[in-house]
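**Student:** Going left to right, the sequence shown walks through residues 13 to 287 as this note's numbering numbers them. From the three backbone atoms N, C-alpha and C, an ideal C-beta is built for every residue, glycine too. Structure incoming, see below.
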Amino acid sequence: MEINEYRNLKLILSWNGEKFSGYQYQPHAFTVQEAITNAWNVFSSEKVTLCGCSRLDAGVHAQYYVLNFHTKTTSDCERIVRGMNGILHSHLALDICVTSAEFVASDFHARFHATGKHYRYLIWYGFSEHAFLTKRAWHVRSKFSPEKIIEVLKEFEGEHDFAAFRSSDCSAKTTVRKVMSADAWIHPIHSEMIVIDIWGEGFLKNMIRNMVGTGVEMATGKRSMNTITEAFIHKDRTQTGMCAPAWPLTLMNVYYDKEEIICASEKKAQHLVPC
């Protein structure tokens, strides 16, 4: 291989989103894209253009995030993982981890080739608290039946026009999206925590947070039980609920095989105890 030959490098990342203004580069805020670009420049002296699988809002976490870029590096994948983690943790002191590195086909694109994503949202409801879990969740200080929000979420499943559930600055050309599954379950040890899992082919900006915010307001009696039906009809954001906080949201997985996401959504993925 010639030293000047470009190769397409795919990285799998995870991060705590608390100190980042999302993934996408912004001129006056620190983002994951900027952090990885800087770390790669330290590692290889290259300035590269990253292609991320999703923008992600400020404060949102990622358990499994995919990005790719073209590079001239001759380093092997093991050295890339070891070197990048060393730079991110020791040199830059950032809460980002590189799980794996892989050279892939030159036309692979982390965003455009994705067939779907799985997001998880955590809610802690009621008036008790937990030293670790409450901080990771949206604490809804209200008594309501968890079964109610589980019932409400099912209304989002299927293909709908989600115009009423996107942010005002969303630039998507079409607002029709398909939610393959919207599942919720109660923490097996701490019954105050509700775990919401949502699988879909794609999502609008703030769509999941607006879905969760609307669902909680319906479950707590602040909005009528026909709110979602009316929102799909009238496409009016002002008639839906609040945008739920960002920090309880995590990108859990990105899929590049249609059958894989169908299988995962039908099995309701893994009901693992959230950390």
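Scan the stretch 54–122 and note each continuous beta strand (DSSP E) run of 3 residues or more that stays entirely inside, going in chain order.
**Tutor:** With a minimum length of 3 residues, the continuous beta strand (DSSP E) runs that stay inside the stretch 54–122 are 73–83, 108–116.
**Student:** By the DSSP assignment, the beta strand (DSSP E) with Glu171 in it spans what residues?
**Tutor:** It spans 170–173 - the beta strand (DSSP E) in which Glu171 sits, taken as one unbroken run.
**Student:** Taking Gln251 as the reference, give the member of Ala122, Ala258, Trp52, Thr241 with the closest Cα.
**Tutor:** Out of Ala122, Ala258, Trp52, Thr241, Thr241 has the C-alpha closest to the C-alpha of Gln251.
**Student:** Which whole-angstrom value describes the C-beta separation of Ala175 and Lys247, a residue pair presumed to lie in contact below a C-beta threshold of 8 Å?
**Tutor:** Right, their Cβ atoms sit about 4 Å apart.
**Student:** Under the DSSP definition of a beta bridge, which residues are partnered with Gly212?
**Tutor:** Gly212 is bridged to Lys129, Val191.
**Student:** List the whole-angstrom C-beta distance separating Lys84 from Tyr18, where the pair is believed to meet the contact cut-off of C-beta under 8 Å.
**Tutor:** Lys84 to Tyr18, Cβ: 6 Å. Contact.
**Student:** Should Cys65 and Ala113 be called a contact, given that it needs their Cβ atoms to be closer than 8 Å?
**Tutor:** Cβ atoms of Cys65 and Ala113: not closer than 8 Å.
**Student:** Note down the Cα distance separating Val54 from Ala194, rounded to an integer number of angstroms.
**Tutor:** So the two alpha carbons sit approximately 41 Å from each other.
**Student:** Should Asp69 go down as buried or exposed, given a rule of 16 or more other Cβ atoms within 10 Å for buried?
**Tutor:** Label assigned to Asp69: buried.
**Student:** Buried or exposed: which applies to Asn80, given that a residue is buried once 16 or more other Cβ atoms fall within 10 Å of its Cβ?
**Tutor:** Buried is the call here.
**Student:** Sort Thr187, His142, Val188, Val228 by Cα distance to Ser154 and report the nearest one.
**Tutor:** Out of Thr187, His142, Val188, Val228, Val228 has the C-alpha closest to the C-alpha of Ser154.
**Student:** How far does the alpha helix (DSSP H) with Met302 in it reach, from first residue to last?
**Tutor:** Beyond the ends of the chain as shown, which are 13 and 287, falls residue 302; an answer cannot be given.
**Student:** Looking at the unbroken alpha helix (DSSP H) that takes in Ala246, where does it start and where does it end?
**Tutor:** The sequence shown places His at residue 246, not Ala. Its alpha helix (DSSP H) spans residues 239–246.
**Student:** Is the stretch 161–168 touching the stretch 252–259 in the sense that three or more CB pairs, one from each, lie closer than 8 Å?
**Tutor:** They do not touch, by the three-pair rule.
**Student:** Could you name the residues that DSSP lists as bridge partners for Thr262?
**Tutor:** DSSP output for Thr262 lists His73, Arg132 as bridge partner(s).
**Student:** What's the C-alpha gap between Trp27 and Met230?
**Tutor:** Distance between the alpha carbons of Trp27 and Met230 is about 32 Å.
**Student:** Let me confirm a value: Ile245 is counted as buried when at least 16 other C-beta atoms fall within 10 Å, else exposed. Which label applies?
**Tutor:** Burial call: exposed.
**Student:** Quick check on DSSP: helix, strand or coil for Ala47?
**Tutor:** Ala47: helix per DSSP, three-state reduction.
**Student:** How is the beta strand (DSSP E) around Ile201 delimited, first residue to last?
**Tutor:** Counting along the chain, Ile201 falls outside any beta strand (DSSP E), and DSSP gives it neither H nor E.
**Student:** Could you name the residues of the same chain whose beta carbon sits closer than 6 Å to that of Met219, not counting the 5 residues immediately before and after it, in chain order?
**Tutor:** These residues qualify, in order along the chain: Phe174, Phe177, Arg178.
**Student:** Per DSSP, Asn20 forms a beta bridge with which residues?
**Tutor:** Per DSSP, His82, Val116.
**Student:** Give me the residue from Ser140, Ala243, His199, Ile108 with the minimum Cα distance to Val188.
**Tutor:** Checking every option, the nearest Cα to that of Val188 belongs to Ala243.
**Student:** Sort Pro260, Gln45, Met192 by Cα distance to Thr146 and report the nearest one.
**Tutor:** The residue with the shortest Cα to Cα distance from Thr146 is Pro260.
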